[in-house]
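If you're matching positions, the sequence shown starts at 140 in the working numbering and goes up one per residue. In what follows, a single structure is set out as structure tokens and then discussed.
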Amino acid sequence: MVQPSGDLRQDGLRPRTGEVVSGSLLLTIGGPDGSEARPCPEDWRPSPRRRGGAGAPAGAQRFGRASAEALLLDRETEVAELLRLLSEGRSVRLVGQPGSGRSALLAAVGDAAADIAPDGVVRLSGYRRTAQDLLQDLFAATHHNPGYRPDHHQLPALLAPVGAIVVIDDVEPSGEELEELLATAPDCAFLITVAPDSPPPVPGSRLEDRPVAGLSRPACLGLVARLAGRPLEEHERSWVVDLWFESEGLPLRFVQAAALLRRRDAEVDGLVAARQERHSVFGLVNELPEPEDPAELESELRRTVRLPSVAESASPAVRLAEGLSESAQAVLRLAVAFGGELPTAPHLPALIDEDLGESVLRELADCGLSVPIGGHHRLSSGVLDLLAPHWAPGTVAHGAARHFSWWVGHGSVDLGQIAAEAEVVIGALLADRAAGRWQEVLQLARAAAPALALALRWGAWERVLELGLEAAQSLGSTVDQAHFRQELGVLAFCEGAPERARAELETAVTLRAASGEARGSAAARRMLDLMRAQTVQLPVVESAPEADGRRPGIRAIAVPRRFRNARVPERTRRAVLAVGTAVLALSVLGTAVGLSLAGSHSDRTRTVQPGGSLEETPLTDNLPTAGSTTAGPHPSAPAGGRAPAGGTAVPGPGGTGAAGTKGGGTGHGGSHRPTGGDGPGTSATDPSSGETWGPSPTHRPGGGGTPSPTGGPSTGPSPDHSPDHSPDPGPSKSTSAPPTTDPSPTKSQTDPPSSAPSTPKTSGSASGTP
Numbered sequence: 140m141v142q143p144s145g146d147l148r149q150d151g152l153r154p155r156t157g158e159v160v161s162g163s164l165l166l167t168i169g170g171p172d173g174s175e176a177r178p179c180p181e182d183w184r185p186s187p188r189r190r191g192g193a194g195a196p197a198g199a200q201r202f203g204r205a206s207a208e209a210l211l212l213d214r215e216t217e218v219a220e221l222l223r224l225l226s227e228g229r230s231v232r233l234v235g236q237p238g239s240g241r242s243a244l245l246a247a248v249g250d251a252a253a254d255i256a257p258d259g260v261v262r263l264s265g266y267r268r269t270a271q272d273l274l275q276d277l278f279a280a281t282h283h284n285p286g287y288r289p290d291h292h293q294l295p296a297l298l299a300p301v302g303a304i305v306v307i308d309d310v311e312p313s314g315e316e317l318e319e320l321l322a323t324a325p326d327c328a329f330l331i332t333v334a335p336d337s338p339p340p341v342p343g344s345r346l347e348d349r350p351v352a353g354l355s356r357p358a359c360l361g362l363v364a365r366l367a368g369r370p371l372e373e374h375e376r377s378w379v380v381d382l383w384f385e386s387e388g389l390p391l392r393f394v395q396a397a398a399l400l401r402r403r404d405a406e407v408d409g410l411v412a413a414r415q416e417r418h419s420v421f422g423l424v425n426e427l428p429e430p431e432d433p434a435e436l437e438s439e440l441r442r443t444v445r446l447p448s449v450a451e452s453a454s455p456a457v458r459l460a461e462g463l464s465e466s467a468q469a470v471l472r473l474a475v476a477f478g479g480e481l482p483t484a485p486h487l488p489a490l491i492d493e494d495l496g497e498s499v500l501r502e503l504a505d506c507g508l509s510v511p512i513g514g515h516h517r518l519s520s521g522v523l524d525l526l527a528p529h530w531a532p533g534t535v536a537h538g539a540a541r542h543f544s545w546w547v548g549h550g551s552v553d554l555g556q557i558a559a560e561a562e563v564v565i566g567a568l569l570a571d572r573a574a575g576r577w578q579e580v581l582q583l584a585r586a587a588a589p590a591l592a593l594a595l596r597w598g599a600w601e602r603v604l605e606l607g608l609e610a611a612q613s614l615g616s617t618v619d620q621a622h623f624r625q626e627l628g629v630l631a632f633c634e635g636a637p638e639r640a641r642a643e644l645e646t647a648v649t650l651r652a653a654s655g656e657a658r659g660s661a662a663a664r665r666m667l668d669l670m671r672a673q674t675v676q677l678p679v680v681e682s683a684p685e686a687d688g689r690r691p692g693i694r695a696i697a698v699p700r701r702f703r704n705a706r707v708p709e710r711t712r713r714a715v716l717a718v719g720t721a722v723l724a725l726s727v728l729g730t731a732v733g734l735s736l737a738g739s740h741s742d743r744t745r746t747v748q749p750g751g752s753l754e755e756t757p758l759t760d761n762l763p764t765a766g767s768t769t770a771g772p773h774p775s776a777p778a779g780g781r782a783p784a785g786g787t788a789v790p791g792p793g794g795t796g797a798a799g800t801k802g803g804g805t806g807h808g809g810s811h812r813p814t815g816g817d818g819p820g821t822s823a824t825d826p827s828s829g830e831t832w833g834p835s836p837t838h839r840p841g842g843g844g845t846p847s848p849t850g851g852p853s854t855g856p857s858p859d860h861s862p863d864h865s866p867d868p869g870p871s872k873s874t875s876a877p878p879t880t881d882p883s884p885t886k887s888q889t890d891p892p893s894s895a896p897s898t899p900k901t902s903g904s905a906s907g908t909p
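This is how it looks when you write it as structure tokens:
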């Protein structure tokens, strides 16, 4: 095999390195210690721009006679029906047998639907793509921002405004994974094709199944005649009709049948040429009657060449392969070794020493043995299974790993080319693995993995890493195992799988420590630390304990649901945290104000002591002792013992209540007889002046009454009401003068009385005598 000159370590041929932005992470790929992620700086974060018109990504060139127009015979009704459904915003899933023409129908509808949606038509290939790969391809087709892979939190916001007809061929995801793809772009109408063994859509799905049946008998006859390049004779028409019954009208079978007819015509042309040569060189001893029209002679000789049987026509891969040119057979053997993947023409000179790669690929497509898919060609459905038992790969793929290792690292190769031929690279890896060439697998995996990561083909990146890890384990290389483990951990972390990422990174740390790689072990540890920090970064506000038992409400205001489920920019996150802190502070302040206003309802009273201290004691200490008739304060007494406006006190337990007067010492506070009976008020300290509000002392006319000390149990007024006393309009205020010389402690409201409390007067006398 011809190999490019130069070593992999030459300038321009080193493994690729670079950086891509994945969500909020800046991922450095291909470093000496492996790939590593770190938080992306704010000014480095990309701002995706919408494309003016959604262009279709470049796909594989369609070779051969079986063009889309030729395969669309008798499909006009189906095209019109699909266009109607797409114009209504409905999504359709085309289901049919392999070779039923689903891809040709898909291409025809895509061409006709260009003016239906505002963002046009987006054509994607679902071959060997995961759902995340397809979302990334859709984002790249509608936005201009190379080197950026949004995560699953950012994609819904970026794809929500897109309104396009999305056409995807050979979709492999199914079930909930496919539903997530559809939900991420809600304003797009999807037209996809799936394999016949794909599970049905989930209940309530947007997708509607539309079966793709075979062609009608007239359409099959017309297709064979068109691809054969001539009208069919009667016995050939009968042969095509028999094949139509057997194959149920699958277009691929008639493409291959037309190839068989063309090969038969080549044999007939050889017979005609031999007949003419015999006449011109040797002549005929006995003249035989021959038709004057050469077409009649050709038709007569064609009848002497046997048509293939219906069984041979139903599975003609082996028969067609035997009639190929030597170059085409070499390419076909290479495709069988690669698992059905055909390299593009530029690779063929290095792989099989074939300079006419375009013509060879066209020959395979003409025979219906290969079809275009994505950025390359692959064998048609069923061809690989038919050829594998007869065509052993041998050593045809030997050296392919070295070639592709050189190719993916070459500076002149674009990342788009690498992404288009990712399946071919994986096919080369599988060929070397099947042959037991583990060293070649390891070499290609180390070279191709960073290139696929930079090309944002992360599904293929993961597959290459798994094959490289398998090769490292087979070779017993601890260093390479640690490398691939770390790469798999970084990939899992960027794709939002923290559990798998933690397991892979911890294994990488252990392997690197065992092999003595200090720098590599430190890099893996940094990734573990970053993963832990990213895991607990946003939920910190949600998990903060709330003292007043209102945690769910505060959490919902501080971190709304859309911010909990999405990675928001750093500035927005800081603003949300600031608003949450302010709301929390206001709630605490409101709680404090409410508690201060409700102080009278608490079970404790406050009294200013002579030294200026504040003492809190339960109100139960003010209850009278055994035998006392003094009643406690009514629960509905105003805060601070203040009387309501107008001078009427709140009734006490006995039906009457005394409005408290403000005083700190002894003296006559005046007669105070509100309407009602007895019932002392509570005493409290004015928070602004530090003065004590106590119950009103009882004033007996004639000076015989002694007011109750502040804080002591007071005797309620006589139940007899004197008409000459009216209720005081409000509590009178008297300030206690501080003691001048050696004062004795004043009895507070909570101090027990020094003597037995006086009993309330029951007589009608107001003189204070019993």
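Glycine included, every Cβ here is placed at the ideal spot set by N, Cα and C. These numbers come from a predicted model, not from an experiment.
Inset, instruction - Quick one: using the 10 Å Cβ neighbour count with 16 as the cut-off for buried, is residue 378 buried or exposed? - result: Indexing the sequence shown from 1 puts residue 378 at position 239. Buried is the call here.
Inset, instruction - Entirely within the region 289–349 and at least 4 residues each: give me those alpha helix (DSSP H) ranges in chain order. - result: 294–298, 315–323
Legend entry - Boundaries (first-last residue) of the alpha helix (DSSP H) holding residue 222: Residue numbering aside, residue 222 sits at position 83 when the sequence shown is read from its first letter. Per DSSP, residue 222 belongs to the alpha helix (DSSP H) from 215–226.
Legend entry - Selected residue, minimal CA-CA separation from residue 284, among 532, 185, 482: Here residue 284 is taken as the residue at index 145 of the sequence shown, counted from 1. Of 532, 185, 482, the residue nearest in Cα terms is 185.
Legend entry - Inter-stretch contact at 8 Å, needing at least 3 Cβ pairs: the region 618–631 / the region 171–182: The way I'd put it, the region 618–631 does touch the region 171–182; three or more beta-carbon pairs between them come closer than 8 Å.
Inset, instruction - Starting from residue 622, trace the alpha helix (DSSP H) both ways and give me its first and last residue. - result: Numbered from 1 along the sequence shown, position 483 holds the residue referred to as residue 622. Where residue 622 is concerned, the enclosing alpha helix (DSSP H) stretches over 617–633.
Legend entry - residue 554 versus residue 315: straight-line alpha-carbon distance, rounded: As a working mapping, residue 554 is identified with position 415 in the sequence shown. As a working mapping, residue 315 is identified with position 176 in the sequence shown. Between residue 554 and residue 315, the C-alpha separation is close to 31 Å.
Inset, instruction - Please state if the CB of residue 264 and the CB of residue 510 are separated by a distance shorter than 9 Å. - result: Your numbering for residue 510 matches position 371 in the sequence shown. Your numbering for residue 264 matches position 125 in the sequence shown. With respect to the 9 Å criterion, residue 510 and residue 264 are not classified as neighbours on the basis of their beta carbons.
Inset, instruction - List the DSSP bridge partners of residue 515. - result: Start at 1 with the first residue of the sequence shown, and residue 515 comes out as number 376. Beta-bridge pairing links residue 515 to 512.
Legend entry - Local conformation of residue 659 per DSSP, three classes: Position 520 of the sequence shown holds residue 659. Of the three classes helix, strand and coil, the one that applies to residue 659 here is helix, per DSSP.
Inset, instruction - Alpha carbon to alpha carbon, how far is residue 608 from residue 649? Give it in angstroms, no decimals. - result: Along the sequence shown, read from residue 1 onward, the residue named residue 649 stands at position 510. Along the sequence shown, read from residue 1 onward, the residue named residue 608 stands at position 469. Counting only the Cα atoms, residue 608 lies some 16 Å from residue 649.
Legend entry - Backbone secondary structure at residue 646 - three-state DSSP: What you label residue 646 is simply residue 507 of the sequence shown in a count that begins at 1. Helix, per DSSP.
Inset, instruction - With DSSP collapsed to three states, give me the class of residue 761. - result: In the sequence shown, the residue the question calls residue 761 occupies position 622. Confidence at residue 761 is low in this model, with a pLDDT of 44, below 50, so the placement of that residue should be treated as unreliable; the coordinate-derived value is given next. DSSP places residue 761 in the helix class (H, G or I) of the three-state scheme.
Inset, instruction - Assign residue 175 to one of three DSSP states: helix, strand, or coil. - result: By 1-based counting over the sequence shown, the position of residue 175 is 36. Correct three-state label for residue 175: strand.
Inset, instruction - Determine the contact status of residue 278 and residue 335, defining contact as a CB-CB distance below 9 Å. - result: Residue mapping note: residue 278 aligns to position 139 of the sequence shown, counting from 1. Residue mapping note: residue 335 aligns to position 196 of the sequence shown, counting from 1. Cβ atoms of residue 278 and residue 335: not closer than 9 Å.
Legend entry - residue 282 versus residue 726: straight-line alpha-carbon distance, rounded: Stepping through the sequence shown from its first residue, residue 282 is reached at position 143. Stepping through the sequence shown from its first residue, residue 726 is reached at position 587. Straight-line Cα distance between these residues: approximately 45 Å.
Legend entry - Residue nearest to residue 464 in terms of C-alpha spacing, selected from 235, 402, 393, 438: As a first step, residue 464 must be located in the sequence shown, where it is residue number 325. Residue 464 has its Cα closest to that of 402, out of 235, 402, 393, 438.
Inset, instruction - Quick one: residues in its chain with C-beta nearer than 7 Å to the C-beta of residue 640, no 5 flanking neighbours on either side, listed in chain order? - result: For the purposes of this step, residue 640 is taken as the residue at position 501 of the sequence shown. 628, 631, 632, 670, listed in sequence order.
Inset, instruction - Taking all protein chains shown into account, decide if residue 933 is buried (16 or more other Cβ within 10 angstroms of its Cβ) or exposed. - result: This structure gives no information on residue 933, because the portion of the chain shown stretches from 140 to 909.
Inset, instruction - In the DSSP assignment, find the unbroken beta strand (DSSP E) run with residue 365 in it and report its ends. - result: As a position in the sequence shown, residue 365 is number 226, starting the count at 1. Taken as a continuous stretch (DSSP letters only), residue 365 belongs to no beta strand (DSSP E), being part of the alpha helix (DSSP H) at 356–367.
Inset, instruction - Kindly examine the ligand ATP and report whether one of its heavy atoms sits closer than 8 Å to the Cβ of residue 283. - result: For the ligand ATP, the structure offers nothing, since it holds no ligand at all.
Inset, instruction - Can you grab the Cα-Cα spacing for the pair residue 372 / residue 391, in whole Å? - result: For the purposes of this step, residue 372 is taken as the residue at position 233 of the sequence shown. For the purposes of this step, residue 391 is taken as the residue at position 252 of the sequence shown. So the two alpha carbons sit approximately 21 Å from each other.
Legend entry - Pick from 329, 411, 652 that is closest to residue 318, judged by C-alpha positions: Residue mapping note: residue 318 aligns to position 179 of the sequence shown, counting from 1. Among 329, 411, 652, the Cα nearest to that of residue 318 belongs to 329.
Legend entry - Residues of its chain near residue 759, where Cβ-Cβ distance is below 6 Å and the 5 sequence neighbours each way are ignored: Position 620 of the sequence shown holds residue 759. Any reading at residue 759 needs caution, since the residue's pLDDT is 43, under 50, leaving its predicted position unreliable; the model's value is listed next. Nothing listed; no residue qualifies.
Legend entry - Sheet register partners of residue 534 (DSSP bridge): Your numbering for residue 534 matches position 395 in the sequence shown. Beta-bridge partners of residue 534 (DSSP): none assigned.
Inset, instruction - Measure the alpha-carbon distance for residue 714 versus residue 723 and round it to whole angstroms. - result: Taking the sequence shown and counting its residues from 1, one reaches residue 714 at position 575. Taking the sequence shown and counting its residues from 1, one reaches residue 723 at position 584. If you take the alpha carbons of residue 714 and residue 723, they lie about 14 Å apart.
Legend entry - Sheet register partners of residue 264 (DSSP bridge): As a position in the sequence shown, residue 264 is number 125, starting the count at 1. 308.
Legend entry - Cβ-Cβ distance between residue 304 and residue 259 below 9 Å: Position 165 of the sequence shown, counted from the start, is the residue given in the question as residue 304. Position 120 of the sequence shown, counted from the start, is the residue given in the question as residue 259. In this structure, residue 259 lies closer than 9 Å to residue 304 by Cβ.
Legend entry - Outcome for residue 730 when other beta-carbon atoms lying within 10 angstroms are tallied against a minimum of 16: Counting from one through the sequence shown, the residue named residue 730 turns up at place 591. It is exposed - the Cβ of residue 730 has fewer than 16 other Cβ atoms within 10 Å.
Legend entry - Cβ-based neighbour list, residue 183, same chain, cut-off 8 Å, excluding 5 preceding and 5 following: The residue you call residue 183 lines up with position 44 of the sequence shown. Once the five neighbours on either side are set aside, the close Cβ partners of residue 183 are 160, 165.
Inset, instruction - Name, in chain order, the residues that DSSP records as bridge partners for residue 232. - result: In the sequence shown, residue 232 corresponds to position 93, counting from 1. Answer is 331, 348.
Legend entry - Exposure of residue 352, with buried meaning 16 or more beta-carbon neighbours within 10 Å: Locating residue 352 in the sequence shown gives position 213, counting from the first residue. It counts as exposed.
Legend entry - Check whether residue 268 and residue 593 have beta carbons under 9 Å apart: Locating residue 268 in the sequence shown gives position 129, counting from the first residue. Locating residue 593 in the sequence shown gives position 454, counting from the first residue. No; because the gap between Cβ atoms is not below 9 Å, this pair is not in contact.
Legend entry - Between the CA atoms of residue 504 and residue 157 - distance to the nearest angstrom: Counting from one through the sequence shown, the residue named residue 157 turns up at place 18. Counting from one through the sequence shown, the residue named residue 504 turns up at place 365. Those two C-alpha atoms are separated by around 38 Å.
Legend entry - Neighbourhood of residue 624 by C-beta, 6 Å cutoff - its chain only, sequence neighbours within 5 removed: The sequence position of residue 624 within the sequence shown is 485, counting from 1. Excluding sequence neighbours, residue 624 sits near 643, 646, 647.
Legend entry - Residue closest to residue 235, alpha-carbon to alpha-carbon, out of 310, 652, 376: For the purposes of this step, residue 235 is taken as residue 96 along the sequence shown, with counting starting at 1. Comparing alpha-carbon positions, the option among 310, 652, 376 lying closest to residue 235 turns out to be 310.
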